[in-house]
Amino acid sequence: MSIWDEFDEIINYAHFWNWAPDWNEVKDIYRQFPNSFSVLTPFAYSYLEELIRSRTSEYGCELIDSDGNEVFRRTGIGLLKLARQENADDTAFLAGLDNVEKYFSRSTAFDRGNNRNSTVHGYMHAGLWRKDSFENLISDIAAISKHAGF
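Listed below in structure tokens is the structure:
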């Protein structure tokens, strides 16, 4: 499948109002500016996490409770664990999670201040963002898109 077909696959399964318009923009930007992968990668990474969340009990939950307190939501590795627990009978989805797990790893003390995405949801060193790594991320998102729970 070409990168453009993979974008279309993502768009076909993305939430119509919340994500599909943005993915159309990402596709257009990438077509016009192929070197834009470094600014598009964080968006794709965030979408991957939301796609996984869409298959869990945390999807669609309020971020603030009725008392104004923040509601805990799992991210990164914790989100993968929850998705595996709640979808234990869906072997195709679980295989997709196994494939995207490489995008979620814990930061170490040596990573401090040396990246753009060292937060509780995972670690992705900005120095590793290349055209091929972006296109691989798009390909991996496209591969699990049909499992979205939007």
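So in the working numbering, spot 80 of the sequence shown is number 81, and the numbers just go up one at a time. For each residue, glycine too, the CB sits at the ideal point set by N, CA and C.
- Taking 4 residues as the minimum length, the region 46-84 contains no alpha helix (DSSP H) run wholly inside it.
- In this chain, the alpha helix (DSSP H) harbouring Ser140 covers Lys132 to Ser146.
- With distances taken between CA atoms, Phe135 lies nearest to Pro43 out of Leu52, Pro43, Glu51 and Glu87.
- With contact defined as three or more Cβ pairs closer than 8 angstroms, the region 88-97 and the region 32-41 are not in contact.
- A residue is called buried when at least 16 other Cβ atoms come within 10 angstroms of its Cβ; Trp130 meets this threshold and is buried.
- With three or more CB-CB distances shorter than 8 angstroms, the region 76-96 counts as touching the region 52-62.
- From the listed residues Arg32, Gly77 and Asn19, the smallest Cα separation to Glu7 is found for Arg32.
- Counting only residues of its own chain and dropping the five nearest sequence neighbours on each side, Tyr60 has a CB closer than 7 angstroms to the CB of Arg54 and Gly150.
- Exposed is the label assigned to Ser67, since fewer than 16 other Cβ atoms lie within 10 Å of its Cβ.
- Within the model, the alpha-carbon separation for Trp20 versus Ser58 is close to 19 angstroms.
- Of Ala45, Ala144 and Glu63, the smallest CA-CA separation from Val72 is found for Glu63.
- Taking each of Trp24, Ala89, Ile78 and Lys132 in turn and checking the Cα distance to Ala45, the smallest one comes out for Trp24.
- The beta carbon of Asp141 sits closer than 7 angstroms to the beta carbons of Asn100 and Val101 from its chain, once the five residues preceding and following it are set aside; these are given in chain order.
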